[in-house]
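Working notes, structure below.
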Amino acid sequence: MSDNDEFRVPPDLTAQPFICPNCQSTKCRGQAFVDPGWTFGIGSPSESPWDFVFQLRFCAECGATIPAHLAERWEGMTVEETKEKWKRVYRDHPYHANPAGMVLGKD
Ligand SMILES: [Zn+2]
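In case it helps, this note's numbering puts the sequence shown at residues 9 to 115.
Okay, here's the thing in structure tokens:
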């Protein structure tokens with residue numbers, strides 16, 4: 009898989025139970041669906057890997073915002089693979105959008 013791969017993955021078809029790649033917690037406190045502006049023809053995708061993430065999960069333990077494809081190990085990713093990808097691709101990029109108003113799950 010490339011780094012910017014989520015938008016090519018059929019959502020949830022291969023999802024597995026939540027495991028946070030940041031702290032390994034299995035407690036998810038919520039989720040959000042986001043649509044970056046470029047998907048509406050507004051601007052272009054930025055350099056941020058988050059511009060290709062359409063589903064978010066929120067870890068109840070460490071508070072991290074995690075791409076759903078990592079938290080749920082879509083397409084058979086292992087926990088080790090998601091930890092590596094989280095550290096290398098996502099963790100050190102600030103997530104710019106504030107998804108608080110779009111949280112669908114409960115605390
Ligand atoms: Zn966590």
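Backbone N, C-alpha and C define an ideal beta-carbon position, used for all residues, glycine too.
Please read these numbers as outputs of a predicted model, since none were measured by experiment.
Residues that DSSP places opposite I74 in a beta bridge: On the sequence shown, position 66 is the one that residue 74 refers to. Answer by DSSP bridge pairing, in chain order: R65.
C36 Cβ short of 6 Å to ligand 1 heavy atom set: For the purposes of this step, residue 36 is taken as residue 28 along the sequence shown, with counting starting at 1. Every heavy atom of ligand 1 is 6 Å or more from the Cβ of C36, so no.
query: Tell me, which residues are paired with G51 by DSSP?
result: The sequence position of residue 51 within the sequence shown is 43, counting from 1. DSSP lists no partner for G51.
query: What distance in whole Å lies between the Cβ atoms of I74 and R65, which are believed to be in contact at a cut-off of 8 Å?
result: Locating residue 65 in the sequence shown gives position 57, counting from the first residue. Locating residue 74 in the sequence shown gives position 66, counting from the first residue. About 5 Å; that satisfies the 8 Å criterion.
- prompt: Grouping DSSP H, G and I as helix and E and B as strand, with all else coil, what is P107?
  reply: Translated into the one-based positions of the sequence shown, residue 107 becomes position 99. Unreliable placement is indicated for P107, whose pLDDT of 43 sits below 50; no coordinate value is reported for it.
query: Do A72 and ligand 1 come close, with the Cβ less than 6 Å from some heavy atom?
result: For the purposes of this step, residue 72 is identified with residue 64 of the sequence shown, where counting begins at 1. Yes, since a heavy atom of ligand 1 falls inside the 6 Å radius drawn around the Cβ of A72.
query: Just to confirm, does E80 get its C-beta within under 6 Å of one of the non-hydrogen atoms of ligand 1?
result: Along the sequence shown, read from residue 1 onward, the residue named residue 80 stands at position 72. No, ligand 1 has no heavy atom inside 6 Å of this Cβ.
task: Starting from G38, follow its DSSP beta bridges and name the residues at the other end.
output: Here residue 38 refers to the residue found at position 30 of the sequence shown. Answer by DSSP bridge pairing, in chain order: F66.
field: heavy atom of ligand 1 below 6 Å from E118 C-beta
entry: Residue numbering for the chain in the displayed model covers 9 to 115; residue 118 lies beyond these limits and cannot be assessed.
- prompt: Which residue from E88, E55, L78 puts its Cα closest to that of P102?
  reply: Indexing the sequence shown from 1 puts residue 102 at position 94. The shortest C-alpha separation from P102 is found at E55.
field: DSSP state of P80 mapped onto helix, strand, coil
entry: Indexing the sequence shown from 1 puts residue 80 at position 72. Here residue 80 is Glu; the residue named in the question, Pro, does not match the sequence. Coil.
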